[in-house]
Structures are given as C-alpha cells and as structure tokens.
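Chains F and P are the protein sequences, given in the same order. Here the UniProt record's numbering is used: the first residue of the first sequence is 1, the next is one more, and so on. Here the UniProt record's numbering is used: the first residue of the second sequence is 1, the next is one more, and so on. These notes are about the structure you will find just below.
2 protein chains.
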Amino acid sequence: MASISVNDVAAAAGVSVGTVSNVLNRPEKVSPGTVARVQAAIADLGFVRNDAARQLRAGRSRSLGLIVLDVANPFFTDVARGAEDRATEEGLAVLLGNTDDSLAREAAYLDLFEEQRVHGVLISPLGDVGDRLTRLRARGTPTVLVDRQTEDRSFSSVAVDDVAGGRLAAHHLVSIGKTRIAFVGGPISIRQVVDRLEGAREAVAKHPSVSLEVIETDALSVLAGRAAGELVLERAPGDRPDAIFAANDLLAIGVLQALNMRGELHVPRDIALIGYDDIAFAAAAVVPLSSIRQPSVLIGYTAVDLLLREAEVGDTFEPEHIVFQPELVVRESTGA
Amino acid sequence: MASISVNDVAAAAGVSVGTVSNVLNRPEKVSPGTVARVQAAIADLGFVRNDAARQLRAGRSRSLGLIVLDVANPFFTDVARGAEDRATEEGLAVLLGNTDDSLAREAAYLDLFEEQRVHGVLISPLGDVGDRLTRLRARGTPTVLVDRQTEDRSFSSVAVDDVAGGRLAAHHLVSIGKTRIAFVGGPISIRQVVDRLEGAREAVAKHPSVSLEVIETDALSVLAGRAAGELVLERAPGDRPDAIFAANDLLAIGVLQALNMRGELHVPRDIALIGYDDIAFAAAAVVPLSSIRQPSVLIGYTAVDLLLREAEVGDTFEPEHIVFQPELVVRESTGA
DNA sequence: TAGCCGAAATGAAACGATTCATTCAGGCAT
DNA sequence: ATGCCTGAATGAATCGTTTCATTTCGGCTA
C-alpha cells in the first residue's frame with residue numbers, strides 16, 4: 001500500500017536520493033557499479049516513478065490534449081492516430097477529449113487540460129475559444145488548431161481548404177448533369193460546414209441553370225443524415241433535388257440509408273450523392289460513396305509536429321498555417 | 001510566465017493559503033465574505049489549480065486509463081464513449097490508449113498509467129498482462145477487463161459471451177442452408193477470436209454435413225478482410241465456401257469489398273456473409289451486413305461503474321463478472 | 001466581568017522527484 | 001609530501017496544493 005519512493009530505493013541501494021534520480025535520468029553520470037546496484041533495488045522494491053511529483057517539479061506534464069468534435073467520426077480517429085504517432089515518437093501521451101458539439105464540454109476539457117499543465121493543446125474548435133487559448137499560450141502552452149483556422153491567424157493551424165473541397169464536390173455534381181443540388185449539413189455554426197457550403201455556392205454560381213438549396217441538420221451524424229434523407233423522401237418526386245452534397249460522410253451514409261429505405265429511388269440515377277472526408281467506410285457503403293478526401297492521419301501528425309516546434313522555440317514563435325488540398329474521389333454514388 | 005500559485009492568491013486576498021484551499025474545496029467552511037474576496041483574487045490573477053501538486057498530495061490522479069485494441073474500430077469508440085459518460089459523471093477524465101495489436105505498446109501504456117497513478121485501468125488485453133495488473137492492484141489501483149475475462153477470474157470484467165455469439169452466427173448460416181462455412185479472423189492469439197470460432201465450431205458440430213474451415217488473418221481490420229476475401233476469390237468456384245463468418249465487422253466489410261470487386265459473385269446467393277459487433281456502418285454496407293450485436297456503449301459504462309465500486313470498497317472487494325448476451329441481427333448479406 | 005464556546009482562519013508539514021551547489025576520494029604532477 | 005584536478009556522490013531546497021492541529025476572536029452565559 002505505502003508507495004515506494006526514491007527514498008526507499010536510495011536506502012535499499014545505500015546511496016542518496018540524488019543518485020537514484022541520476023540513475024533514472026542521466027545514467028551516464030553515475031558509475032556502472034552504482035547504476036547496477038540502484039537498478040537492482042528498483043526491481044526489488046517494484047519502484048515506479050510518481051509522475052505527479054515529477055511534473056510538479058518540471059512545471060508541465062508529458063501529455064498533450066487533443067479536443068475533437070466527435071470521436072465516433074472515423075475522420076477524427078484518423079487524426080488522433082496521426083497525432084498519437086508523432087507524440088509517441090517524442091515520448092508524449094495523447095489525452096483525447098470529445099466535445100460532441102457541446103460548448104460546455106469543450107470548455108470543461110480546456111479547463112481540465114489547463115489544470116493538468118499539458119504540454120500542448122490540439123483543438124478542432126467548436127465555439128469561440130480565443131480567450132482560453134490566449135491564456136494557455138500566456139502560460140507557455142502551445143496550441144494548434146486542427147482542421148480550422150482562426151480569424152486572427154495568431155494561432156498555428158493545420159487545415160484543409162474546405163472551400164476548395166466544397167467547390168470540387170459541387171462542380172463534380174454539375175459536371176455529371178445535375179441541376180437541383182441540395183446541401184445537407186449543420187449546424188451552420190461549425191466552420192467546416194460553412195466553408196464547404198460556401199465552396200458549393202461558388203461552384204454553382206457559375207451555372208445559372210443550377211440551383212442550390214440548403215437542408216440544415218442539427219449534427220454531423222448518421223442519424224441526422226437519415227432524418228434529412230427522410231425529409232427529402234417526403235416531398236413530391238418533382239420537388240426533390242437530383243443531387244445531394246453532404247457535409248461529411250456520416251451524414252451521407254445516413255442520407256443513403258433513408259433514400260434506399262423505400263426502394264423507389266435509385267442512387268445515383270434519381271439522386272446523386274457525394275460526401276466529405278472519404279472515411280474507410282465510404283468505399284464500402286450500399287452504394288459506394290463519392291467523397292472529398294482529406295489527409296486525416298497526416299493532419300494529426302503534422303499538427304503535433306507544429307506543436308513541438310512551437311514548444312521548442314518558445315516565445316519567439318511565428319504562427320504557421322498549413323493548408324492541405326482536398327481531393328475528389330469518384331465512386332458509384334455519383335455514377336462512376 | 002511565472003505561474004500563479006495559491007500563495008499569490010492568498011497574498012492578494014489577504015488571507016492564508018489554507019483558506020484559499022478551503023475556498024477551492026470546501027467553500028461552506030469559509031465565511032461568505034472571505035469566499036467572495038478569494039474568488040475575486042482568483043479571477044483577477046487568472047489562477048488555475050496545478051493538478052500535479054494536487055495529485056501529489058492526494059496520491060492518485062483524477063483520470064482513468066482505457067486501453068483498447070484499436071481506436072479505429074467503431075466498437076471500441078462506442079465503448080470509449082460509454083466509459084467517458086460514466087467517468088464524466090464522477091468528474092474523472094479518460095485517457096485513451098491504443099495498442100494496435102502491439103504487445104510493446106500495451107506494456108508502454110500500462111507503465112505510463114502506473115506512473116500517472118491513474119484512478120483505475122480498463123483494459124481489453126492483448127497479451128498476458130496478469131503481472132502488471134496484479135502490481136497495479138497491489139498499489140490500490142482497481143482494474144477491470146473489458147470485453148474479456150481472465151482465466152483466473154481474479155479481476156472484475158465486463159464481457160459479452162463470445163462463444164454464444166459465435167454459435168448464433170454459425171447456426172444462422174446453417175439455418176439458411178449453407179454447408180461450407182469459412183471463419184475469417186485472427187490473430188488467433190486474441191481471445192475474442194478464439195471464442196467466436198469456438199462457438200461456431202460447436203454450432204457446426206451438430207450438423208455432420210456442414211464443414212468449417214478457418215482463414216486466419218493477421219489483424220481485425222478492413223485491410224486484412226480484403227486480403228482474406230481475395231484469397232477466397234482466387235480459388236476455383238467449386239472450392240469456395242458458401243458462407244463466411246467474419247470475426248468482426250471491419251473484416252466483414254473488407255471481405256465484402258473484395259468479393260464485390262470482380263462482380264462475378266453475389267452476396268448472399270453465392271456466398272453469405274455475417275460479421276460481428278454490429279457497428280453503425282454495418283447497416284450501410286454495400287450489402288447491408290448481418291451481424292452479432294454487442295451493447296458496446298453499455299459495456300464501457302458498466303466497466304467504469306464496476307471500477308468505481310471497486311475503488312470505493314478498497315481491499316475487501318470481490319471481483320465481479322458481468323456477461324452480456326449477444327444478439328443476432330439479420331440483414332441482406334445473409335438473405336434477410 | 002470572567003469564563004467559555006464555536007466558527008473562522010492560520011501556517012507548518014507533507015506528498016515525491018529533481019536540481020545544483022557542495023563535498024569527497026583518488027590519481028597525477030610538481 | 002603537497003596541491004590540484006576530475007569524476008562521483010551527496011542532501012537540502014524546491015515545485016504547489018492539501019491537511020490538520022492550533023490560534024484567534026466575537027459573542028454569550030453565569
């Protein structure tokens with residue numbers, strides 16, 4: 001029960017606590033014989049470093065926080081994996097926080113991470129977190145925005161050009177002859193949604209004969225997509241769109257499930273469908289899903305990389321903004 | 001830069017550090033006026049508790065570790081979500097560790113969690129972790145096995161009866177008239193895989209005319225499934241199985257992708273296919289996937305619940321073993 | 001007015017690892 | 001034999017919070 005401390009190890013090995021610490025952290029500074037003796041004592045007593053004490057002294061922890069909008073979205077688990085890969089290389093652990101579109105949870109996680117004095121924070125922000133992030137930075141905790149840029153550009157970011165992605169998607173739908181496009185996505189408070197819509201608008205604007213309507217959803221989930229799909233189904237056939245651009249693949253899969261439910265509609269003939277993110281399951285959907293691919297793992301990896309660089313240079317850092325380009329992936333749902 | 005401590009707050013509010021701590025933790029013990037003064041100082045200085053110091057004093061941290069086999073598997077993100085839900089109710093955070101079928105990573109995460117003095121550990125074990133878990137328990141850190149029971153039953157666990165699930169799946173395939181069943185899964189060092197196969201064997205044993213072969217994979221991923229599917233495709237038509245039971249849905253989706261690639265095979269007519277886990281994407285697959293459903297979110301929730309109970313009673317605890325029953329979900333891939 | 005009580009506030013000790021200025025011992029040159 | 005140098009080891013101070021035995025003080029009773 002009573003925890004074994006460096007003191008116990010020192011006593012057992014017949015050395016001072018300072019030496020034990022040196023064996024732990026700078027073994028080359030200690031004579032080989034002593035190292036062996038101390039290590040034997042450590043193994044003997046089953047000593048395990050208390051990270052809290054170490055952190056207290058060091059002033060910061062050895063983990064970094066990642067706050068995402070939705071862990072159930074494979075896009076974010078891919079980002080998380082990339083982040084974990086880079087973090088592990090540096091001996092850091094990743095704390096994963098899930099906001100689930102809740103401002104309260106986002107704030108709670110940021111507070112938690114601040115109390116933990118994490119090494120850095122990666123966040124795909126939902127609300128306005130400028131104040132909290134500024135405070136974190138003042139404390140010396142670097143922050144990188146994931147999948148989004150802030151307006152003031154004072155924080156580093158790794159993002160994908162969502163406007164370009166929206167443009168790609170809508171342009172593709174137009175190019176296969178669709179004229180009544182519906183954009184399914186929401187809530188519109190989420191930046192990614194707004195940008196993708198904006199891109200679609202730009203692409204459609206070039207073609208006067210093509211219309212674009214917006215069907216807003218309250219989340220970016222399969223369930224919300226199904227609800228949107230049902231809404232479309234309820235309409236008179238002539239009133240339905242002939243193409244749907246969903247703000248992400250989860251929504252698209254939901255829409256697809258709803259459209260297929262009655263069996264009277266054919267995708268892509270009656271309604272073409274394109275999603276966003278190109279998650280692994282998109283290719284395996286009922287009707288393999290066209291999508292806009294983002295380099296998700298790379299995004300996570302790069303974000304941590306930026307974070308580490310920022311932590312290294314300290315005060316003198318210049319925010320960096322890395323923007324990846326999205327890519328169109330055509331499959332059956334738009335008639336590949 | 002210099003971090004604000006309780007000392008600074010105390011000085012600013014004209015009280016002692018003890019009082020500041022009381023305001024933070026037991027405001028009812030402090031007179032209203034003082035509480036207000038201290039809180040004003042806290043807000044003023046932007047003081048944020050240092051969790052490391054708090055933990056050091058408390059002896060344990062306020063987070064708990066969850067080690068899963070694969071975060072990219074929606075089954076585990078569901079478990080994680082359930083765990084997070086219960087943990088949040090208790091003001092605890094969840095540290096998510098991903099082993100990715102690597103023994104080294106599993107060990108590394110356990111070490112990390114031990115150094116962090118986490119409140120408890122949930123683990124879906126890969127290798128033999130008995131020693132490490134025993135040590136953790138000796139230190140007073142409760143452990144709950146997720147989705148698996150140990151042989152010695154000395155650790156609490158929350159699991160689903162995988163043998164029953166395997167039986168369900170195989171029995172279903174037999175009942176729709178299939179006679180040459182292939183089990184796709186691996187590595188066979190993973191308990192869940194072994195159990196599901198065992199269940200299938202039991203079900204098949206009752207029908208002398210039905211054969212069961214095993215196609216071992218090196219992972220439980222979409223990619224591994226695709227490889228297995230290609231293996232089947234390469235065979236002469238008469239030599240192929242007429243039904244495939246995949247050890248999880250990711251594998252099943254991979255198999256499905258491979259089988260559909262050439263377009264010469266029809267699922268379920270030529271080959272029926274059933275997966276395991278019933279992840280959200282199973283219903284949306286090219287051919288909607290039959291599967292064995294597990295109460296994933298509930299598993300995570302219950303596991304944390306068990307953990308908390310164990311932490312409360314301390315030394316006198318009795319390991320509990322909760323076993324949920326799986327459920328057959330029939331869809332088109334087995335001819336619904 | 002002395003004595004007592006309880007609520008409120010105090011502040012030193014403790015948690016455990018790390019750091020760094022200091023001490024120690026042995027070897028080498030003078 | 002003396003002084004100097006270097007590599008090795010020491011141990012007190014430190015990080016920031018919490019705890020708890022002790023002190024303070026205003027009010028109340030006898």
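Where a beta carbon is used, it is the ideal one built from N, C-alpha and C, also for glycine.
- With respect to chain P, the C-beta atom of Thr-99 (chain F) has no partner C-beta closer than 8 Å.
- Within 10 angstroms of the beta-carbon of Gln-325 (chain F) lie fewer than 16 other beta-carbons, which makes it exposed.
- Cβ proximity to chain F below 8 Å picks out nothing from the segment 5-19 of chain P.
- Residues of the segment 64-79 of chain F with a Cβ closer than 8 Å to any Cβ of chain P, in chain order: Val-71, Ala-72, Pro-74, Thr-77 and Asp-78.
- Rounded to the nearest whole angstrom, the C-alpha separation of Thr-179 (chain P) and Val-222 (chain P) is 25 Å.
- Taking C-beta atoms under 8 Å as the contact rule, Thr-19 (chain F) and Val-38 (chain F) qualify, at a distance of about 7 Å.
- Only buried fits Ile-181 (chain P), as 16 or more other CB atoms lie within 10 angstroms of its CB.
- Cα atoms of Val-9 (chain F) and Val-121 (chain P): separation of roughly 26 Å, rounded to the nearest angstrom.
- Rounded to whole angstroms, the gap between the alpha carbons of Glu-327 (chain P) and Arg-117 (chain P) is 38 Å.
- In the structure shown, Thr-217 (chain P) falls within a coil segment according to DSSP collapsed to helix, strand and coil.
- Segment contact: the segment 244-254 of chain P against the segment 179-199 of chain P, three or more CB-CB distances shorter than 8 Å; contact assigned.
- Rounded to the nearest whole angstrom, the C-alpha separation of Pro-295 (chain F) and Ala-58 (chain P) is 43 Å.
- The Cβ of Phe-183 (chain F) sits no closer than 8 Å to any Cβ of chain P.
- Within its own chain, the residues whose Cβ lies closer than 6 Å to the Cβ of Leu-307 (chain F), once the five positions on either side in sequence are excluded, are Gly-120, Pro-142 and Val-144, listed in chain order.
- When Cβ-Cβ separations below 8 Å define contact, Arg-86 (chain F) makes no contact with chain P.
- Taken in chain order, the complete beta strand (DSSP E) segments of 3 residues or longer contained in the segment 161-192 of chain P are 180-185.
- In the DSSP assignment, Ala-280 (chain F) falls outside any beta strand (DSSP E), carrying neither H nor E.
- Looking at F:Arg-331, F:His-321, F:Ile-292 and F:Ala-243, the one whose alpha-carbon comes closest to that of Ala-159 (chain F) is F:His-321.
- About 18 Å separates the beta carbon of Ile-215 (chain F) from that of Thr-334 (chain F), a gap too long to meet the 8 Å contact definition.
- Closest option to Arg-269 (chain P), judged by alpha-carbon separation, among P:Val-129, P:Ala-93, P:Glu-332 and P:Gly-33: P:Glu-332.
- Excluding five sequence positions before and after Tyr-301 (chain F), the CB atoms of its chain that fall closer than 8 Å to its own CB belong to Gly-82, Ala-83, Asp-85 and Arg-86, given in chain order.
- Note on Ala-284 (chain F): 16 or more other CB atoms within 10 angstroms of its CB, so buried under the neighbour-count rule.
- Burial check for Arg-132 (chain F): the Cβ neighbour count within 10 Å reaches 16 or more, so the residue is buried.
- The segment 91-100 of chain F makes contact with the segment 55-71 of chain F: 3 or more CB pairs, one atom from each, lie closer than 8 Å.
- Boundaries of the beta strand (DSSP E) around Asn-98 (chain P): 93-98.
- Taking the Cα positions, Phe-155 (chain F) is about 11 Å away from Val-129 (chain F).
- Residues of the segment 21-55 of chain F that bring their beta carbon within less than 7 Å of a beta carbon in chain P comprise Gly-46, Val-48, Arg-49, Asn-50, Asp-51, Ala-52, Ala-53 and Gln-55, in sequence order.
- Within the same chain, Val-222, Gly-225, Gly-275, Phe-281, Ala-282, Ala-285 and Leu-289 come within 8 Å of Ile-253 (chain P) by CB-CB distance, once the 5 residues on both sides are set aside.
- Taking the Cα positions, Val-329 (chain F) is about 32 Å away from Pro-187 (chain P).
- In this structure, Val-174 (chain P) sits away from Val-232 (chain P), with a CB-CB distance that is not shorter than 8 Å.
- With 16 or more other Cβ atoms inside 10 Å of its own Cβ, Leu-126 (chain F) counts as buried.
- Cβ atoms of Ala-169 (chain F) and Ile-292 (chain F) come within 8 Å of each other, at about 6 Å.
- For chain F, the residues of the segment 297-325 of chain P that bring a beta carbon within less than 9 Å of one of its beta carbons are Asp-315, in chain order.
- Using a Cβ-Cβ cut-off of 8 Å, Pro-288 (chain P) is close to Val-286 of chain F, given in chain order.
- If you look at Gly-18 (chain F), you'll find it in the alpha helix (DSSP H) that goes 17-25.
- Against chain F, a Cβ distance below 8 Å from Leu-256 (chain P) picks out Ala-284.
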